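Working notes, structure below.
Chains as they are written, first to last, in the working numbering: chain A, 514 to 858; chain B, 514 to 858; chain C, 514 to 858; chain D, 514 to 858.
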């Protein structure tokens, strides 16, 4: 049994971690923290969860925190997470950070996209980007894992195998993404009020969403050259899920069969990426409540344009599920532990 | 490992059974049936489920069916279920029937409430009403379990402990119930179209819903005298869940403390009924995706009226979850097997 | 043309007033006010509205305000409205107050239900309760109209004709009401966040909602004796609309025909109350976007219980629509002006 | 007063026409037809509408129909509409057809996209495509108006001014469109059931939606050369509205200012197209219940890609509202009659 802590356990990703980890046979949830002064019972925070009567989310001092677990999931807001991660690493703890604070390799991008200077550039260099499909080997040895963003997860898994096989025109990538409201977090804003969201739909942060450089960095890595994308997120009137519709021009000589093969090779051994038959596409409900990323594609021979659609649950494969997947990899557990039911035989 | 079959596996309750049983460590799902001629892959039926690639829902002849399992969950429409149950009982099989066909002890009620004569009155007598909280001892030995209806489950669990303790005026019971759309099943009707349900709310079958006699029979049993209720169901723009708000006049001498005590005594050892503090009430989301029935109450001293609110997931505690609970009881398994995650310790 | 002002024009009821009054042929919207310092264009506040480019909602001093119009709709929060109404009445202006500040005749009820003492008890006495169906004659001459609350409107119109005809047991009234989220106003709260409301449903303020005394006062007036009700509001995952399901024991000798006659007599000349045939009930969508109150009923001869269901749009008949109806009455306009389309002939 | 008929009045577009036309001061709704044998009261069909007690939707023989009105709105399914239009034109009647039967100039496209041969090719030639912004002059004299499709309306209004000014690379157009469920019509299908749509989102008819050739034909007309587009529609969990996010590469020398100017010139006198400031985008709610098409744009200098977002109410500007706009133009009425409230002055 490994002692795990969730730092910042009252937000959506913290709650999902509590749900997943409370069913994990090899994990002891040894600490759940909040910056709020008054303790909160897990029972009141997650009413659908059973048997948590005596368990509380409470304020921890840094000293207390360092002793509270071996592995820490950090669910703090961007920029606050970095300092906590730094302190926990100093104390020799394993850290999986669900914020964006260790995702961008180039520290100079933080002021532009997150509005603040990065104070731990040397730690940033050591962080491993926690995309199991791309970086499993490094994750196995990583002590600081930067858990990917929700939009980047949906986008990258739909694109990187095509880049690796040089099947697409790198200047042609358009990502039209649609997310449920929980992606915005629990902070009270007019934009997330029921009467604003219901029966509504809109784009937001057009051309300026902070996940853009994360997507570009990862795709550039796969291409070994600079890749720029057009990325437009939209807000769906659903509580959870992301569906990304991605448009690309194919490279010379690319075929539907080649696309299919690229996806199949990339994902044939992946437990959480499911590739559909050509011209079959996932819906949000197919992945809701799961750690899957489902991918479908269509090749439009008329316009030589490739359409790839991916779907994830933004709170699972897009956040807490992937974080547990990373933990399972790091600790040498079965990668699907607590993330998959026993399958029908 | 016990071989189990789901007869009529393509509807909402069948799908929930597949989800629950595929994670049950002591069950082998040996047959999934449909009346449709073409087989359907479980994968296409339940896209969120993992590892079902080779498993199919298909048409079974009666002869095939009888050999296919030891215990059968019947998810057929009312009146069709009875004949299948009869045949399976002849073959000595255990049956849990999710239809209404064996719920009403008085066969003469079927023509009025279900529009047809009951053809198996002697089998009807042997059926045990599958409410674990009321009938656990009989369920342990039952070979034909009539799984309760969704509205009756929410209603009965909120009322019967009060009747047993003679705390309420039996002539005063009003049940105002609200259900998600999945309660209506998968049949295509104008009433269940998105554009009809969204941004809408309405009562239906006012004073004439077929669950009324089931509620009255069970409460009458608890009271040892005839109980009649006013029952009005409503349709909520949500996919799943039932919340029932129940109004009763208290009997002379009844107090809030007495009510609390009645609930606590009835449910202190029940794994799936959770009683709130006085004046604290459950919401649908508290039980969504769980097998819990949550109960809250308030005593209005001004009007001497007691208000009890109960909430369940109509597809789980109101159907498939309770069916599995009944199976666990019948087969001597841990009653919560496959219905609860490992709790936080 | 009458100059009208909306005081507190940025909330849901203010916006509805702007929409209705901008289409009213006899009204000039001469002032729209906000307590916010920066002006807000009507265009940005109500994007679906046409032709408002030059029109602004802005902060007015009291001196400015008094000169700005002849008739004022006050959409301020409870307790703040009273002072503004007082000042405007001092200046001789007509006032229609959409808050609760002049609804309860007994000033001593305010501390209990609204948490504050009432500072204008003499003005309170002069206010007319703006229920056109009950008080049309007084409204014609009223200079201060207390526009009814949303729940009271739906409740009262479903009950008072039965009380007048002595058809019901006054001690038996149970009101189970369900409201859309806009009823809670625009204030940011966790309870009105999309992720909290969607796929959810719950009761709130059980036995303690501040509309209870308003309902009781009005029904008591109709009965000429004290009436107490059990009132339980619930929150629906829809943006607008109220549906109330009301349960009553009938008085001796009451019949379904008598109930029907009571409703028909009360409402045969009412432009905005529509009575259904027995056993036919309204749905929220039937009244969404309209000023109608639809009423249906069913008589359960088994339990001698009468069920009445009423539906309104909480922002129209439950607030701004009724306020304009009251203005039309007060100013001698056609009562339906700006509230009904030209009918099919 | 002009006598107008709605042929096929029980579907969503028929109902919207009844709502709009019943408030039109210059129209008499002289006939509402259905293929169903039993008459349907307008009251039961459109409960939110007032004063229709005596008015019915009923079956008309062709002979009856020809005498029933001067102008006919045809809301029949594709391919059925053509024959009715043909008969009515033979009788000299004005026809506005809301189906696709007269939208595609090239009759040979019908077998591919609609699965049937077009039987009235000579009538097809005479039909005028009813886009007021592009074809107002021809609409004034047209006796057969092909009312545009919903997706084409949203798409074309966002693109054609840019094509006219040669601001975009014609091979680069990607239209990612999202529609509410009413776009699918009232036909019962599993895909439009509440439990399938709620909390869901998905693409459908990827690369093969029948509106593709309509969009291409119109844009090709604007460009005076063949234009092909990539068009992917998605299904939103809302009842009405379309939002289209459109991606285009700009032509050499194109600037944000040029784009802005192109839109402003095209729409400065248009009553129903509203152009936002650069980087400001419409939401579905901004146009819900209106005949507006709102357009916003952003120029991504990094990728030289232009993003245009348009929003309409699919049942109004995308169908019945635009049909009435066309009627107003054809009959010389104020173009906004019955489509706009009196504006704030």
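In this text, a Cβ means the ideal position worked out from N, Cα and C, and glycines have one as well. These numbers were taken from a predicted model, which means no experiment stands behind them.
Quick check on residue i: does DSSP put it in helix, strand or coil?
{"i": "residue 706 of chain B", "result": "strand"}
{"i": "residue 557 of chain A", "result": "helix"}
{"i": "residue 569 of chain D", "result": "strand"}
{"i": "residue 814 of chain B", "result": "coil"}
{"i": "residue 525 of chain A", "result": "helix"}
{"i": "residue 857 of chain C", "result": "For residue 857 of chain C, the pLDDT reaches just 48, beneath the cut-off of 50, and the residue's location in the model is therefore unreliable, although a value from the coordinates is still provided. Coil at residue 857 of chain C, not helix or strand."}
{"i": "residue 782 of chain D", "result": "coil"}
{"i": "residue 753 of chain D", "result": "coil"}
{"i": "residue 726 of chain A", "result": "helix"}
{"i": "residue 826 of chain D", "result": "coil"}
{"i": "residue 715 of chain A", "result": "strand"}
Within the 8 Å Cβ cut-off, does residue i reach chain C?
{"i": "residue 561 of chain D", "result": "yes"}
{"i": "residue 758 of chain A", "result": "no"}
{"i": "residue 854 of chain D", "result": "yes"}
{"i": "residue 844 of chain D", "result": "no"}
For residue i, which of the options has the nearest alpha-carbon?
{"i": "residue 465 of chain B", "options": "B/514, B/655, B/672", "result": "In the structure as shown, chain B starts at 514 and stops at 858, and residue 465 of chain B therefore has no counterpart that could be examined."}
{"i": "residue 549 of chain D", "options": "D/537, D/570, D/785", "result": "D/570"}
{"i": "residue 818 of chain C", "options": "C/541, C/717, C/759", "result": "C/759"}
{"i": "residue 638 of chain A", "options": "A/615, A/629, A/623", "result": "A/615"}
{"i": "residue 598 of chain A", "options": "A/631, A/756, A/697, A/679", "result": "A/631"}
{"i": "residue 777 of chain C", "options": "C/791, C/765, C/766", "result": "C/791"}
{"i": "residue 873 of chain C", "options": "C/785, C/851, C/694, C/825", "result": "Absent from the model: residue 873 of chain C. The displayed extent of chain C is 514 to 858, so no value can be given."}
{"i": "residue 764 of chain A", "options": "A/796, A/816, A/755", "result": "A/816"}
{"i": "residue 805 of chain B", "options": "B/811, B/814, B/827, B/821", "result": "B/827"}
{"i": "residue 456 of chain D", "options": "D/813, D/710, D/773, D/674", "result": "Residue numbering for chain D in the displayed model covers 514 to 858; residue 456 of chain D lies beyond these limits and cannot be assessed."}
Check whether the Cβ of residue i lies closer than 8 Å to any Cβ atom in chain F.
{"i": "residue 576 of chain A", "result": "The structure shown contains no chain F; the protein chains it does contain are A, B, C and D."}
Cβ of residue i less than 8 Å from any chain D Cβ?
{"i": "residue 857 of chain C", "result": "The predicted model places residue 857 of chain C with a pLDDT of 48, which falls under 50 and marks its position as unreliable, so this point remains unresolved."}
{"i": "residue 831 of chain C", "result": "no"}
{"i": "residue 463 of chain B", "result": "Past the edges of chain B, shown from 514 to 858, lies residue 463 of chain B, and the structure says nothing about it."}
{"i": "residue 624 of chain C", "result": "no"}
{"i": "residue 752 of chain B", "result": "yes"}
Mind checking whether the beta-carbon of residue i lies closer than 7 Å to any heavy atom of the ligand ZN?
{"i": "residue 672 of chain A", "result": "The ligand ZN is absent from the structure shown, which contains no ligands of any kind."}
Taking 8 Å as the CB-CB limit, is residue i close to chain A?
{"i": "residue 629 of chain B", "result": "no"}
{"i": "residue 768 of chain D", "result": "no"}
{"i": "residue 536 of chain B", "result": "yes"}
{"i": "residue 645 of chain B", "result": "no"}
{"i": "residue 528 of chain D", "result": "no"}
Any beta-carbon of chain B closer than 8 Å to the one on residue i?
{"i": "residue 480 of chain C", "result": "This structure gives no information on residue 480 of chain C, because the portion of chain C shown stretches from 514 to 858."}
{"i": "residue 676 of chain C", "result": "no"}
- Task: Jot down the residue ranges of each uninterrupted beta strand (DSSP E) in the stretch 598-624 of chain D, minimum 3 residues, whole runs only, in chain order.
- Result: Runs found: 607-610.
- Mind listing, in chain order, the continuous alpha helix (DSSP H) runs of no fewer than 4 residues lying wholly within the stretch 614-684 of chain B? You should have 622-627, 634-639, 645-654, 663-677.
- Message: Please list, in chain order, the residues of the stretch 654-671 of chain A that have any C-beta partner in chain C closer than 8 Å.
- Response: Per Cβ criterion, the list is empty.
- Message: Using a Cβ-Cβ cutoff of 9 Å, what residues of the stretch 699-729 of chain A are near chain C? List them in chain order.
- Response: Listed by position along the chain: 699, 701, 702, 703, 705, 706, 707, 708, 709, 710, 711, 712.
- Anything in the stretch 793-806 of chain B with a Cβ closer than 9 Å to a Cβ of chain A? List those residues in chain order, please. Listed by position, the residues of the stretch 793-806 of chain B near chain A (Cβ gap below 9 Å) are 795, 796, 798, 799, 800, 801, 802, 803, 805.
- Task: May I ask you to list, following chain order, the residues of the stretch 544-561 of chain C that have a beta carbon less than 9 Å from some beta carbon of chain B?
- Result: Flagged: no residues at all.
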